[in-house]
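Single-structure report; data block below.
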Amino acid sequence: MIEGILVEGLVYGLMVLGVFITFRVLDFPDLTVDGSFPLGAVIMAVMLVNNINPFLALIAVFAAGVAAGTLTAVIHNKLKVPNLLAGILTMTMLYSINIRILHNRANIPLLKTETIITKVTALTEGIIPESVAVLLLFVIIVIIIKSLLDIFFHTDLGLTLGAMGDNEQMVITQGVNPEIMKIIGVGLSNGLVALSGAFAAQYLGFADINMGIGVVVIGLASVMIGEFLFQSSKISMLTLRVLLGSILFKGIMYAGRYYGYYINMTPNDLKLITGILIILSLVISKAKKRIN
Amino acid sequence: MVELKNVTKIFGEGTVNENKAIGDTSIKVEPGDFITIVGSNGAGKTTLFNLISGNVFPTQGSIFINGNDVTKVPEYKRAKNVGRIFQNTTLGTAGQMTIEDNMIIALTKGFKGLKRSLTNKKREFFKEHLEKLDMGLENRLKDNVGLLSGGQRQAMTLLMMVLSKPDLILLDEHTAALDPKNAQIILELTVKYIHDYNLTTLMITHNMNHAIKYGNRLLMMDKGDIILDVKGEEKNDLTVDILIEMFHNIRNKDFENDEVLLS
Numbered sequence: 374m375i376e377g378i379l380v381e382g383l384v385y386g387l388m389v390l391g392v393f394i395t396f397r398v399l400d401f402p403d404l405t406v407d408g409s410f411p412l413g414a415v416i417m418a419v420m421l422v423n424n425i426n427p428f429l430a431l432i433a434v435f436a437a438g439v440a441a442g443t444l445t446a447v448i449h450n451k452l453k454v455p456n457l458l459a460g461i462l463t464m465t466m467l468y469s470i471n472i473r474i475l476h477n478r479a480n481i482p483l484l485k486t487e488t489i490i491t492k493v494t495a496l497t498e499g500i501i502p503e504s505v506a507v508l509l510l511f512v513i514i515v516i517i518i519k520s521l522l523d524i525f526f527h528t529d530l531g532l533t534l535g536a537m538g539d540n541e542q543m544v545i546t547q548g549v550n551p552e553i554m555k556i557i558g559v560g561l562s563n564g565l566v567a568l569s570g571a572f573a574a575q576y577l578g579f580a581d582i583n584m585g586i587g588v589v590v591i592g593l594a595s596v597m598i599g600e601f602l603f604q605s606s607k608i609s610m611l612t613l614r615v616l617l618g619s620i621l622f623k624g625i626m627y628a629g630r631y632y633g634y635y636i637n638m639t640p641n642d643l644k645l646i647t648g649i650l651i652i653l654s655l656v657i658s659k660a661k662k663r664i665n
Numbered sequence: 075m076v077e078l079k080n081v082t083k084i085f086g087e088g089t090v091n092e093n094k095a096i097g098d099t100s101i102k103v104e105p106g107d108f109i110t111i112v113g114s115n116g117a118g119k120t121t122l123f124n125l126i127s128g129n130v131f132p133t134q135g136s137i138f139i140n141g142n143d144v145t146k147v148p149e150y151k152r153a154k155n156v157g158r159i160f161q162n163t164t165l166g167t168a169g170q171m172t173i174e175d176n177m178i179i180a181l182t183k184g185f186k187g188l189k190r191s192l193t194n195k196k197r198e199f200f201k202e203h204l205e206k207l208d209m210g211l212e213n214r215l216k217d218n219v220g221l222l223s224g225g226q227r228q229a230m231t232l233l234m235m236v237l238s239k240p241d242l243i244l245l246d247e248h249t250a251a252l253d254p255k256n257a258q259i260i261l262e263l264t265v266k267y268i269h270d271y272n273l274t275t276l277m278i279t280h281n282m283n284h285a286i287k288y289g290n291r292l293l294m295m296d297k298g299d300i301i302l303d304v305k306g307e308e309k310n311d312l313t314v315d316i317l318i319e320m321f322h323n324i325r326n327k328d329f330e331n332d333e334v335l336l337s
């Protein structure tokens, strides 16, 4: 069970990193996530079923996610639509696109398809247990992506992106086009979310067009839970906090799923619990601020 | 340097709230000018700055910077030549980022690439400049700017603006939110930078004495018009009394808000 929580926490952690970039770094509440997560999943699934190289598929998934985020940012920039609405528009359109990618089907099983996970477990068979191999695989993937992000946020471009959410006027004063920064930030975010969806599909053994419902809320809850763990302003600590928050969130959800029936809870109540978790986080952080 | 030709700015044109913020104004700023601007609230001082910086576009007329027509050029592009500091001390810096991160962003204007400019050499360069502020900031490069006082933040904003080498700087009551002691420090620092870097400056102030004491040219605005433009010798002889007298003669009315101008 513990491996399951860790793996799911890491797989979804990539999505949470994306949500962290939009909600916290860029201050651009982006709901595209609910569409770009299954977008990544269905593209990955279709390409795997068609025997396309999984690494090529991952690049395609990332590019598709970036494109989805870019669309949201452009709608917001050019049509002066509020960012929330721009995200909802893209998310809604992606629902139809995702069904089309699946050739008018709602889901696609991957149980008999070779995925990155099956490749790794085949390689390590007999050396280490399967669950540990899968965990190791995702630990490595997530560490690589986290490190790349940390490096990115130390570059001039990354720093300017950081300043965007903090003080847009300052970014303009430095001669930087804020619209381009939003495209880069929201694009990068949704690229990560799509990757997360692609790994989720491989881990769960299927891609489903409905697997994106509520993902952005899961991401937000994870970000907020992470923020209770420790305080820091170093980006490497912030991304670590995001990943730990994601794992912790999955732990809470597991607990809800396995022990919830003692209090008459069903898996259908988990979204309610997620929402309550976010509200609780908001209340606690507000109370904390008042004390300080 | 900067020229406004018959610029008019009307907000909410055609509505009941129609408000002429700037009316048919022309002004030419020469390189090296240090212009102080006074006027009561709603006189159009900030709108004038917004027009020059590109934050709002004029309803009529055109604006030139360094001889180029920038009437329709967006704010971020003009920012390469124009530096601006606001009354709100939090607008010039990113509070949740460190001093060194803020400074590296400000060092070059325009789109930032994927290189890491923040090297130890740059840190030394920043320390050197921060030391001159005499606020102890040189030892706090890794502190978040949000931890600094308003005066320290405004000093940093000034320094960051100067390091980015603008041609023209717009100071919008940039000391008004500070306590008198800090306001004086920031003002002296401003004047020092203006001289050291030979910056063309427009400074809005509510302090008539400052407006008279500093700069080589003084503009007074009222209801969207520049009603007074004093420069050179004539400015050297100005006193607050003369200025108020001139205002009375032009507008032929009582100063309803003397206290605002005299504060």
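One line per chain: the protein sequences are A and B, in this order.
Going by this note's numbering, the first residue of the first sequence is number 374, and it counts up by one from there.
Going by this note's numbering, the first residue of the second sequence is number 75, and it counts up by one from there.
In this text, a Cβ means the ideal position worked out from N, Cα and C, and glycines have one as well.
Keep in mind it's a predicted model, so treat the numbers as computed, not measured.
Measure from the C-beta of residue i to each C-beta in chain A and report whether the shortest distance is under 7 Å.
i: Ser191 of chain B; result: yes
i: Lys154 of chain B; result: yes
i: Tyr267 of chain B; result: no
i: Gly224 of chain B; result: no
i: Glu333 of chain B; result: Residue confidence for Glu333 of chain B is low, a pLDDT of 49 falling below 50, so the modelled location carries little weight; the figure read from the coordinates is stated next. No, Glu333 of chain B does not count as interfacial toward chain A.
i: Gln339 of chain B; result: The requested residue 339 of chain B does not occur in the structure, where chain B is confined to residues 75 to 337.
i: Glu247 of chain B; result: no
i: Ile139 of chain B; result: no
i: Leu188 of chain B; result: yes
i: Ser337 of chain B; result: Model confidence at Ser337 of chain B stands at a pLDDT of 45, short of 50, so the residue's coordinates are unreliable and nothing is read from them.
i: Gly128 of chain B; result: no
i: Leu165 of chain B; result: yes
i: Ile243 of chain B; result: no
i: Gly184 of chain B; result: yes
Between residue i and chain B, is there a C-beta pair that is closer than 7 Å?
i: Ser605 of chain A; result: no
i: Leu611 of chain A; result: no
i: Ile608 of chain A; result: no
i: Gly438 of chain A; result: no
i: Met464 of chain A; result: no
Check this for me: beta carbons of residue i and residue j, under 7 Å apart or not?
i: Leu244 of chain B; j: Arg158 of chain B; result: yes
i: Asn471 of chain A; j: Leu412 of chain A; result: yes
i: Val454 of chain A; j: Ile448 of chain A; result: yes
i: Lys309 of chain B; j: Leu293 of chain B; result: no
i: Ala180 of chain B; j: Leu207 of chain B; result: no
i: Met295 of chain B; j: Gly113 of chain B; result: yes
i: Leu242 of chain B; j: Val76 of chain B; result: yes
i: Thr274 of chain B; j: Asp107 of chain B; result: yes
i: Leu530 of chain A; j: Gly187 of chain B; result: yes
i: Ser595 of chain A; j: Phe572 of chain A; result: no
i: Asp299 of chain B; j: Gly86 of chain B; result: no
i: Ile416 of chain A; j: Val434 of chain A; result: yes
i: Gly386 of chain A; j: Leu616 of chain A; result: yes
i: Thr163 of chain B; j: Gly88 of chain B; result: no
i: Thr110 of chain B; j: Val81 of chain B; result: no
i: Ile173 of chain B; j: Leu215 of chain B; result: yes
i: Ile139 of chain B; j: Asn155 of chain B; result: yes
i: Tyr288 of chain B; j: Val236 of chain B; result: no
i: Ala441 of chain A; j: Ile481 of chain A; result: no
i: Val380 of chain A; j: Phe511 of chain A; result: yes
i: Leu165 of chain B; j: Ile178 of chain B; result: no
i: Glu205 of chain B; j: Glu212 of chain B; result: yes
i: Thr494 of chain A; j: Val422 of chain A; result: no
Cutting at 7 Å between CB atoms, please list the residues of its own chain near residue i, excluding the five before and the five after it.
i: Glu333 of chain B; result: Interpretation of Glu333 of chain B is limited by its pLDDT of 49, a score under 50 that renders its predicted location unreliable; the figure taken from the coordinates is listed afterwards. So the list is empty, once near-sequence residues are dropped.
i: Ala257 of chain B; result: Thr249
Got a sec? Which residues, its chain only, sit under 8 Å from residue i by beta carbon, not counting five neighbours each side?
i: Thr639 of chain A; result: Gly633
i: Ser337 of chain B; result: Any reading at Ser337 of chain B is ruled out, since the residue's pLDDT is 45, under 50, leaving its predicted position unreliable.
i: Val515 of chain A; result: Leu383, Gly386, Leu387, Leu616
Using a Cβ-Cβ cutoff of less than 6 Å, which residues in the same chain neighbour residue i once the five nearest sequence positions on both sides are dropped?
i: Gly169 of chain B; result: Val219, Gly220
i: Val439 of chain A; result: Gly560, Gly564
i: Ile304 of chain B; result: In the sequence on display, residue 304 of chain B carries Val and not Ile. So the list reads Leu292, once near-sequence residues are dropped.
* Output, in sequence order along the chain, the residues in the segment 270 to 292 of chain B whose CB is closer than 7 Å to any CB in chain A. => none
* Does the segment 524 to 540 of chain A touch the segment 423 to 435 of chain A, meaning 3 or more C-beta pairs lie closer than 8 Å? -> no
* Asked: Are there three or more Cβ pairs, one per stretch, closer than 8 Å when the segment 528 to 536 of chain A is compared with the segment 407 to 421 of chain A?
  -> no
* To do: Assess, as a yes-or-no matter, whether the segment 274 to 285 of chain B is touched by the segment 111 to 130 of chain B under the definition of 3 or more beta carbon pairs within less than 8 Å.
  => yes
* Pull out every residue of the segment 526 to 550 of chain A whose Cβ sits closer than 7 Å to any Cβ of chain B, in chain order. => His527, Thr528, Asp529, Leu530, Leu532, Thr533, Gly535, Ala536, Asp539, Asn540, Gln542, Met543, Ile545, Thr546, Gln547, Gly548, Val549, Asn550
* At a cut of 8 Å, does the segment 603 to 611 of chain A reach the segment 550 to 568 of chain A through at least three beta carbon pairs? -> no
* Report yes or no: do three or more beta-carbon pairs, one from the segment 466 to 484 of chain A and one from the segment 592 to 606 of chain A, lie closer than 8 Å? => no
* Taking one C-beta from the segment 576 to 584 of chain A and one from the segment 472 to 481 of chain A each time, how about it: are there three or more such pairs within less than 8 Å? -> yes
* **Members of the segment 580 to 601 of chain A near chain B, C-beta cut-off 9 Å** => none
* To do: Output, in sequence order along the chain, the residues in the segment 634 to 661 of chain A whose CB is closer than 9 Å to any CB in chain B.
  => none
* Asked: Of all the residues that make up the segment 384 to 404 of chain A, which are near chain B by a beta-carbon distance shorter than 8 Å?
  -> none
* To do: Give, in chain order, every residue of the segment 497 to 530 of chain A whose Cβ lies closer than 7 Å to some Cβ of chain B.
  => His527, Thr528, Asp529, Leu530
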